[in-house]
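Since the structure comes first, as structure tokens, the remarks are kept for the end.
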Amino acid sequence: MWVLFEICINIYQALIMLLFLKSRLKINRPHKVGYSVCVAITAVLMSINSIPGIFSSISIPEFLIFMIPTVYLSIIAKDKWYTGLFWGSILILIFNF
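Just so you know, we're using our numbering here: the sequence shown kicks off at 1 and counts up by one.
Listed below in structure tokens is the structure:
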């Protein structure tokens, strides 16, 4: 039961990351499938790190996990690429400290 709770928390955290970046960047048009894939990939990678019993030999740096929504939204945003990276670095600081 704890594993299911942990997976739900990781999905929620991935959704919060995406919504934070989406609120800071000007997006050209909504990409619901792309958003869902981005949240799913981020949540899976976070679950790999947070569930030690299943994936004990695999460790993914959290910096790379946070870069997935940052790079995705930087690509589809109207803003310059460095604006997305700036807000992505703010996101990393918020979630890690």
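Built from N, CA and C at the ideal position, the CB exists for glycine as well.
Rounded C-alpha distance that separates residue i from residue j
i, j, result
"V39", "I58", "20 Å"
"P52", "I9", "15 Å"
"D79", "Q13", "24 Å"
"L91", "L4", "25 Å"
"M1", "P69", "28 Å"
"R29", "I94", "27 Å"
"I75", "L15", "18 Å"
"V44", "W81", "26 Å"
Minimum C-alpha distance to residue i - residue among the options
i, options, result
"L85", "N96, F95, I94, L73", "L73"
"I41", "G88, F95, S23, I7", "I7"
"S23", "V44, S50, L64, G88", "G88"
"N96", "N28, P30, L19, L64", "L64"
"M46", "I16, I60, P30", "I60"
Whole-angstrom C-beta distance between residue j and residue i, which should lie under 8 Å
i, j, result
"A77", "K26", "6 Å"
"L21", "Y35", "Rounded, the Cβ-Cβ distance is 11 Å, inconsistent with contact."
Bridge partners - residue i, DSSP secondary structure assignment
i, result
"A77", "I27"
For residue i, three-class secondary structure by DSSP
i, result
"M1", "coil"
"P61", "coil"
"F86", "helix"
"F97", "coil"
"F69", "Before going further, note that residue 69 is Pro rather than Phe in the sequence given. P69 falls in the helix class under three-state DSSP."
"I7", "helix"
"I51", "coil"
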